[in-house]
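Participant: So that we are looking at the same thing, I have put the structure below in structure tokens.
Residue numbers (the numbering used here), protein chains in the order written: chain A, 1 to 282; chain B, 1 to 325.
In structure tokens:
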């Protein structure tokens, strides 16, 4: 087993997109962790006399129109992005995978029901359903998490069902049935372990989508509400000074872009590493 | 009472062209400790018969007739009841050892699984029993290999693991569906011999499915020849092979490759090809390819005709086929 772990590490470090993606994702996680313990300036502190300052030794990334330290806001914003990403993707993985597994195991009308529900949910773009939900329940971080989470459910339900059906068709599942195992045990012991890597990869990629969606909702004023820090809202506030202080839009924009890029690269790398057969084909 | 009594078994499968019968009115019985061979070419309904016995037919398949195991009717039995029989009283070995094992679990764990499931054995007890089983089926160095994953074993070793899994609970009936087709000839011999010994030791009945008359000849006491979903000939293996009665069985034997047949001698074949399920004729299934076919063959399925003691063939042209002395 340790041999296996060692060879995985060697392959992982040699894999360019996994290494770069991993580094960027690590940076995101560390920023969020750091912001819990320390930020250069208090995140919520307004300092009007020092507004719109250029980057300096005191304020590395400068200050915004209310004199807040941009770096501190970015670090704290990472926290929000991760919070939304983890919970929203968590909702999608747990509910979606369960639905997909049930659909593949039970077949028949239940499968039809799950799939038609997925089609229905897919018919509405994520942002549109999030806007709808926010309009119904009011804007806020919880509602945006719920909206993004709901969008993720059919993504995982479809993926899981397709993958699980492929496993169900394999001969070792027939052998397991011939050994007297019921659908529940086969699902837990044979189907789920064989599709886990695909779900992990998809979760990484959906995480990136969730960060993007959170930023978009906050930008539109439907997501995270002040004073909670959010990259999307930083973008929104920056557009008023876009010509005087473009850096105010560039920094959070860059943070969003690098996080999404990092997670996508990580997902790609994971897919290659977890399924070597696929990697060789490409 | 026979261990297994199959009567008028019909299996219809959902195909692109509607429902098609894969097994048509098969009837046979198997006594405790007896070995029965089922021979036929691909698509003759052998495997569907095996799957029907376990209630593992593909989705959308229809099953009728009667399958009695220890006097208990299996057709229409609830899935949960069938689960209790499968792997416990009835074991099955599939053709492909490469795919019949889960790549993610160590083989010892997979062999132990039926024991934990049906016997409620603890993990450690099941593990020990699994090692003993692997040893019994002839896996060398079983204790160490029980930790191996399927990809670390050879084809022959994997098939031994699959057999150990099927034997775990000491079934009364073992169905072996082409158990050695994927293996080379030497291994084939070893594994079949081991199966025969094990069935002898434990009084387990064996249903051996193969397309190879040689395998059937050496390992079974009674045999059935299947074609187009029907059992066309049956009887004691020795007697049947001595005097093959049905024109199809004769063709099957004639089509065996022979060592030392010399260059240039073409392999004898049965003209035509096996009919598609949906196209099997109403009368004798073999009529389109039979050199002896007459109009009456197309009219109705031929009734069973006695050829010798216990030896029966479904053919109305047995005299022309030279089946009767």
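C-beta: ideal position from N, C-alpha, C; glycine also.
Computed from a predicted model, the values in this text were never measured in an experiment.
1) Would you call the stretch 84-100 of chain B in contact with the stretch 114-123 of chain B, where contact means no fewer than 3 C-beta pairs closer than 8 Å?
2) Considering Cα atoms alone, identify which of A:215, A:203, A:206 and A:164 is closest to residue 190 of chain A.
3) Let me know the secondary structure DSSP gives residue 149 of chain B once reduced to three states.
4) Hey, is residue 18 of chain A's beta-carbon within less than 8 Å of any beta-carbon in chain B?
5) As an exercise, report each continuous alpha helix (DSSP H) stretch of at least 4 residues that is fully enclosed by the stretch 152-188 of chain B, in chain order.
6) What residue does the alpha helix (DSSP H) around residue 248 of chain B start on, and which one ends it?
7) Identify which residue in B:60, B:146, B:91 and B:111 has its Cα closest to the Cα of residue 107 of chain A.
8) If you count every other CB in all the chains shown that lies within 10 Å of the CB of residue 142 of chain A, and 16 or more means buried, which is it?
9) Are three or more beta carbon pairs between the stretch 172-180 of chain A and the stretch 115-127 of chain A nearer than 8 Å?
10) State yes or no: is the beta carbon of residue 264 of chain A nearer than 8 Å to at least one beta carbon in chain B?
11) Could you pull out every residue in the same chain whose Cβ sits closer than 6 Å to the Cβ of residue 74 of chain B, ignoring the five residues on either side in sequence?
12) Taking the alpha-carbon positions, what's the residue 218 of chain A to residue 126 of chain B distance?
13) Quick one: does residue 206 of chain B have its CB under 8 Å from some CB of chain A?
14) For the pair the stretch 16-23 of chain A and the stretch 262-272 of chain A, tell me if three or more CB-CB distances fall below 8 Å.
15) Less than 7 Å between C-beta atoms, sequence neighbours within five positions excluded: which residues of the same chain meet that for residue 275 of chain A?
16) Can residue 160 of chain A and residue 90 of chain A be called in contact, C-beta distance under 8 Å?
17) Under 8 Å, with one C-beta from each stretch per pair, do the stretch 75-88 of chain A and the stretch 226-241 of chain A reach the 3-pair mark?
18) Taking Cβ positions only, does residue 94 of chain B come closer than 8 Å to chain A?
19) Would you call the CB atoms of residue 178 of chain A and residue 96 of chain A closer than 8 Å?
20) Would you say residue 118 of chain B lies against chain A (beta-carbon separation less than 8 Å)?
21) Going by DSSP, name the residue or residues bridged to residue 305 of chain B.
22) Under 8 Å, with one C-beta from each stretch per pair, do the stretch 172-179 of chain B and the stretch 124-142 of chain B reach the 3-pair mark?
23) How is the beta strand (DSSP E) around residue 236 of chain B delimited, first residue to last?
24) Taking buried to mean at least 16 other C-beta atoms within 10 Å of its own C-beta, is residue 23 of chain B buried or exposed?
25) If I follow the unbroken beta strand (DSSP E) through residue 10 of chain B, where does it start and stop?
26) In this structure, does DSSP put residue 223 of chain B in helix, strand or coil?
27) Between the Cα of residue 186 of chain B and those of B:167, B:2, B:155 and B:31, spot the shortest distance and give me the residue it belongs to.
28) Could you tell me the boundaries of the alpha helix (DSSP H) in which residue 91 of chain A lies?
29) For residue 87 of chain B, which residues in chain A fall below 7 Å Cβ to Cβ?
30) Any beta carbon of chain B sitting closer than 8 Å to that of residue 273 of chain A?
31) I want to verify the contact list: residues of chain A whose CB lies under 7 Å from the CB of residue 326 of chain B, in sequence order.
32) Once the 5 residues before and after residue 54 of chain B are set aside, which same chain residues still bring their CB inside 7 Å of it?
33) Express the C-alpha separation of residue 271 of chain A and residue 168 of chain B in angstroms, rounding to a whole number.
34) Is the beta carbon of residue 195 of chain B less than 8 Å from the beta carbon of residue 161 of chain B?
35) Given 8 Å as the limit, is there contact between the stretch 25-45 of chain B and the stretch 216-226 of chain B, that is, 3 or more CB pairs closer than that?
36) Where DSSP assigns a beta bridge to residue 23 of chain B, which residues make up the other side?
Facilitator: Reading off the structure:
1) yes
2) A:164
3) coil
4) Not one chain B Cβ lies under 8 Å of residue 18 of chain A.
5) 155-167
6) In the DSSP annotation of this structure, the continuous segment of the alpha helix (DSSP H) that includes residue 248 of chain B starts and ends at 247-254.
7) Nearest option by C-alpha distance: B:60.
8) exposed
9) The answer is no - the stretch 115-127 of chain A does not touch the stretch 172-180 of chain A, with fewer than three Cβ pairs under 8 Å.
10) no
11) Closer than 6 Å at Cβ, skipping near neighbours: 67.
12) Residue 218 of chain A and residue 126 of chain B: Cα-Cα distance of roughly 56 Å.
13) no
14) Contact between the stretch 16-23 of chain A and the stretch 262-272 of chain A is present, because at least three Cβ pairs lie under 8 Å.
15) 197
16) No; because the gap between Cβ atoms is not below 8 Å, this pair is not in contact.
17) They touch, by the three-pair rule.
18) Closer than 8 Å: yes.
19) no
20) Answer yes: the Cβ-Cβ gap between residue 118 of chain B and chain A drops below 8 Å somewhere.
21) B:313
22) no
23) 230-236
24) buried
25) 4-15
26) Residue 223 of chain B falls in the strand class under three-state DSSP.
27) B:155
28) 70-106
29) 178, 179 and 180
30) no
31) Past the edges of chain B, shown from 1 to 325, lies residue 326 of chain B, and the structure says nothing about it.
32) Excluding sequence neighbours, residue 54 of chain B sits near 86, 90 and 92.
33) One C-alpha to the other measures close to 37 Å.
34) no
35) yes
36) B:11
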